[in-house]
Amino acid sequence: MRALERPALRSLRAADAAATRVYGWRLNPLHQTGTVAAALLGLLIVTGLYLLIFYRVGAPWQSVQRLQADPFLGRWIRSLHRFASDALIVAVVLHAWRLFAQARAWGPRALAWTSGVVLLSMLFVSGWTGYVMVWDRFGAQLAVSGARMFDALPVLSEPVRRVFAGDQPVPSAFFFLNLFLHVALPLGAAAGLWIHLSRLARPTLLPPRALVYGVFGALAALSVLLPSPLAPEASLLTVAPRVPADLFFAFWLPWANALPPWLAWVGAMATFGLALFIPRFTRRPRTGEYAPSVVDERHCTGCNQCPQDCPWEAITMVPRADATGAQSAFVGRVDPTRCVSCGLCAGSCAPMGVGPMLRTGRDQVARLRAVVSLPGVRELRPIAICCEHAAPAHLAPLRAQGAEVRLVSCVGNLHTSVVELSLRAGAPGVMIYTCAPRDCRGREGPRWLHERLYNEREAELQARVDRTLVATAVMAPGDLDGTLDAWRQFTARIAAHERAATPTLDDPLGAVCEPVPFEAEAR
Amino acid sequence: MSGRWWKRIAGTLVAAVALWLLRAGSLTPLRVGEEQTALLRLSWSARPERIEQCRRLSDAELAERPQHMRLRWECEGRFARYLLSVSVDGRPLTTDTIRGGGLRNDRPMHLFREFALAPGTRHLTMSLRRIDAEARPDSATDAATAAGTAAADRETREGQERRVRRAESLPELVAIDTTLRVAAQRVLLVSYSDVDRRLVLR
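Line order of the protein sequences matches chains D and W.
Under the working numbering, the first residue of the first sequence carries the number 545, and numbering increases by one thereafter.
Under the working numbering, the first residue of the second sequence carries the number 9, and numbering increases by one thereafter.
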């Protein structure tokens, strides 16, 4: 399964690049499939409430026909409801593809993945009931195929298909049941979003307003210009060789009709099981880059900043076990089952006492010291600190522009002391390239970086640092021009800037914090 | 034209193509059956006949039973199985043994079968024949007990219940033997009429 992640990531980056070229990274819909799906669910609930007013369980097709005959509102709201449900499936599938490709389906994120799979199944069933409710030929076909599948289960002795034999009208109770499920399942899915997002400290529920207007407007325009027609009423005593089907919800129909029901069940359950167990198949050992953060209690001041910055609520403050007068009463503790190793806590900790192994602030500073202690470091070029996931294809062109490229797992992991020390070590300037904020694997890396650089959020870039020599920009696949333009502007700016004073490199670490020796055993 | 405008045009075009694909996927004609075919559908729910041996209890035996178990006729048996045979133009489509529903086969006999038929004039022969005929069906009779007593009333009620059960159950044989014109894309439905106790073709 993990072997599929690489081609999936390649295809995702290609699609991302194409979408960014057209819409820009701010409105790239592929970065926001989850929030677009949530917005579409809201649209479906609103349009569904309108349709519910006119639906009659005693005369399902006739009531929909009356709606369809209304040229002003009914027809296009029905079409909007239908097309929005299709778009919802597309958005959810793209969302799952993105998370799978970016290896974001395992470990602490497994709950979100498995609940997402269940939510998608609920949407499929809800869509199935919605089409059956219309009771046109497609709805009847879905009902009969579903009944055929259901009859394969040893549940009822009387075949459900007898309801659709045609010797008597389909009872209203059947349509009422469908109506109930069609209303209850999306509401359940909306409630299920709570579980889906429960691991997140600050979930983003909606895409930017411009994207909402764009998606809703496009679907509304489609509904008005090319509304969905209503198929003829279901007739259980005729064989329809073709039905106008919605492939987003009925892609399984040809297989279900062609295969024996038990085999169709095996296929459906195998697919569901496979999707459900992807976290199991794609998990990694929690070492190296996947090691969870740890708190070095000797350095923890109990400031409560890392729990605030952690997007996964993986850090809590607990009473210190062996508190002395000089130490804080509380100390941070990381729950490794919730920590996704994004390293944002490392960037939030002024005394550099927390973070994943080898990515704490101290580790970053130590690496920088190792570099600047080499001969000739005073001739450093402008530094580009890049998110390693943002756009790997942009790194070579950036180097070609004269940048000293350094990678971080997430810009939120970057400790601001590294920026200051880089400048003090002689770098003419430090440019930090983030991923597109809505595509951050650490969720809030660009946001916290900005706050730490410019708004004095702990661990802030010290006021003594000349902000003219520091800049941030987004590096998004498909926007190489944007990456290079930002670099050119930055280098032009720092070239024109006269530095206030020549920094010294006497004790760069001591300028930022009290030196505390690293002891691996104590961590 | 500036690059910004080109981007807007490209964005509109991409959105239009995406919407077109969305609509096409939403309204795809899906092949679910053959053009030149019809369907023979058998669908019914009927109670199988109970094959049982009954014995009339004497007054002494009856008196030994608890009050709530005093039935004059004590019966043991099972529900009958039926043989379903369907053939079209002499070609057998199915021959199958049909039992009542439930683990003990004591529930109504539910059936739903479909067979593809070629359109045209077809001779349909179909029968549902009771298999278990060796035992005497419902061997209890309306025996005489002194009229006017509580025991007689109870026995009368038992007799009525047996008659209702018999009337509700499938006869020993129900059959259809007919020639008909089958149109393409039509469903010929064979069901069972509880009232007339026969198979109905429509």
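No residue lacks a Cβ here, since even glycine has one placed at the ideal position from N, Cα and C.
What does a CB cutoff of less than 8 Å around residue i pick up in its chain, not counting 5 residues either side in sequence?
| i | result |
| --- | --- |
| residue 21 of chain W | none |
| residue 192 of chain W | 43, 44, 45, 46 and 127 |
| residue 53 of chain W | 116, 117, 118, 119 and 200 |
| residue 1058 of chain D | Only weak support exists for where residue 1058 of chain D lies, its pLDDT of 45 falling under 50; the value from the coordinates is given anyway. The residues are 895. |
| residue 860 of chain D | 851, 876, 877 and 879 |
Give me the chain D residues within the contact set of residue i, using Cβ-Cβ distance strictly less than 9 Å, ordered along the chain.
| i | result |
| --- | --- |
| residue 39 of chain W | 785, 786, 787 and 798 |
| residue 136 of chain W | Here the premise fails: no neighbours, minimum Cβ distance about 16 Å. |
| residue 228 of chain W | Any property of residue 228 of chain W remains undetermined from this structure, which presents chain W solely from 9 to 210. |
Give the residues of chain D in contact with residue i, contact being defined as C-beta atoms less than 8 Å apart.
| i | result |
| --- | --- |
| residue 120 of chain W | 695, 703, 705, 706 and 709 |
| residue 193 of chain W | 782, 783, 784 and 785 |
| residue 197 of chain W | 709, 710, 711 and 781 |
Using alpha carbons as the reference points, say which of the options lies closest to residue i.
| i | options | result |
| --- | --- | --- |
| residue 904 of chain D | D:1003, D:977, D:802 and D:808 | D:1003 |
| residue 93 of chain W | W:102, W:199, W:75 and W:116 | W:102 |
| residue 707 of chain D | D:699, D:936 and D:687 | D:687 |
| residue 855 of chain D | D:973, D:996 and D:742 | D:742 |
| residue 120 of chain W | D:617, D:704 and D:633 | D:704 |
| residue 679 of chain D | D:1026, D:565, D:964 and D:787 | D:787 |
| residue 796 of chain D | D:847, D:901, D:737 and D:690 | D:690 |
| residue 812 of chain D | D:668, D:850 and D:709 | D:668 |
| residue 109 of chain W | W:55, W:91 and W:64 | W:55 |
| residue 137 of chain W | W:179, W:160 and W:167 | W:179 |
| residue 27 of chain W | D:859, D:767 and D:1029 | D:767 |
| residue 863 of chain D | D:692, D:846 and D:870 | D:846 |
| residue 879 of chain D | D:837, D:873, D:985 and D:977 | D:837 |
| residue 833 of chain D | D:900, D:731 and D:950 | D:900 |
For residue i, which residues in the same chain have their Cβ closer than 6 Å to its Cβ, ignoring the five residues on either side in sequence?
| i | result |
| --- | --- |
| residue 756 of chain D | 583 |
| residue 1046 of chain D | Since pLDDT at residue 1046 of chain D reaches only 48, below the 50 mark, its modelled position is unreliable, and the value read off the structure follows with that caveat. Result list for residue 1046 of chain D: empty, nothing under 6 Å. |
| residue 560 of chain D | 574 and 1021 |
| residue 198 of chain W | 50, 207 and 209 |
| residue 553 of chain D | 645 |
| residue 975 of chain D | 928, 1015 and 1034 |
| residue 619 of chain D | 612 and 771 |
| residue 205 of chain W | 179 |
| residue 96 of chain W | 130 and 132 |
| residue 784 of chain D | 681 |
Residue i touches chain D at which residues, Cβ-Cβ below 7 Å?
| i | result |
| --- | --- |
| residue 53 of chain W | 702 and 706 |
| residue 47 of chain W | 783 |
| residue 23 of chain W | 762 |
| residue 18 of chain W | 566 |
| residue 27 of chain W | 762 and 766 |
| residue 207 of chain W | Those do not exist, as residue 207 of chain W stays about 12 Å from chain D at its closest Cβ, beyond 7 Å. |
Please list, in chain order, the chain W residues whose beta carbon lies closer than 8 Å to that of residue i.
| i | result |
| --- | --- |
| residue 801 of chain D | 40 |
| residue 794 of chain D | 38 |
| residue 790 of chain D | 33, 34, 35 and 36 |
Per the DSSP calculation, residue i is bridged to which residue(s)?
| i | result |
| --- | --- |
| residue 52 of chain W | W:119 |
| residue 789 of chain D | W:36 |
| residue 190 of chain W | W:128 |
| residue 62 of chain W | W:83 |
| residue 680 of chain D | D:777 |
| residue 901 of chain D | In the DSSP output, where bridge partners are listed per residue, residue 901 of chain D has none listed. |
| residue 727 of chain D | Partner(s): none; residue 727 of chain D has no beta bridge. |
| residue 874 of chain D | D:863 |
| residue 929 of chain D | D:950 and D:976 |
| residue 184 of chain W | W:134 |
| residue 206 of chain W | W:201 |
| residue 177 of chain W | W:55 |
How would you list, in chain order, the residues of chain W whose beta-carbon sits under 7 Å from the beta-carbon of residue i?
| i | result |
| --- | --- |
| residue 685 of chain D | 40 |
In its own chain, which residues sit with a C-beta less than 7 Å from the C-beta of residue i, not counting the 5 before and 5 after it?
| i | result |
| --- | --- |
| residue 555 of chain D | none |
| residue 693 of chain D | 800, 805, 808 and 809 |
| residue 853 of chain D | 888, 889, 892 and 992 |
| residue 547 of chain D | none |
| residue 1065 of chain D | For residue 1065 of chain D, the predicted structure reports a pLDDT of 37, less than 50, and the residue's modelled location is therefore unreliable. The matter cannot be settled from this model. |
Consider the Cβ of residue i: report whether some Cβ of chain A lies at a distance smaller than 8 Å.
| i | result |
| --- | --- |
| residue 43 of chain W | Chain labels in this structure do not include chain A; the protein chains are D and W. |
> Taking Cβ-Cβ distances below 9 Å as the criterion, which residues of the segment 67-80 of chain W are in contact with chain D?
Replying inline: none
> Name the residues in the segment 761-778 of chain D whose C-beta lies less than 7 Å from a C-beta of chain W; which are they?
Replying inline: 762, 766, 770 and 772
> Which residues, in chain order, does the segment 613-637 of chain D contribute to contact with chain W at a C-beta distance below 8 Å?
Replying inline: 626, 627, 630, 631 and 634
>> Give me the subset of the segment 95-128 of chain W whose CB atoms are less than 7 Å from a CB atom of chain D, sorted by chain position.
In response: 109, 110, 115, 118 and 120
> When Cβ atoms are compared, which residues of the segment 1017-1046 of chain D fall closer than 8 Å to chain W?
Replying inline: none
>> Residues of the segment 561-593 of chain D in Cβ contact with chain W at a cutoff of 7 Å, in chain order, please.
In response: Taking 7 Å as the Cβ-Cβ cut-off against chain W, the residues of the segment 561-593 of chain D that qualify are 566 and 567.
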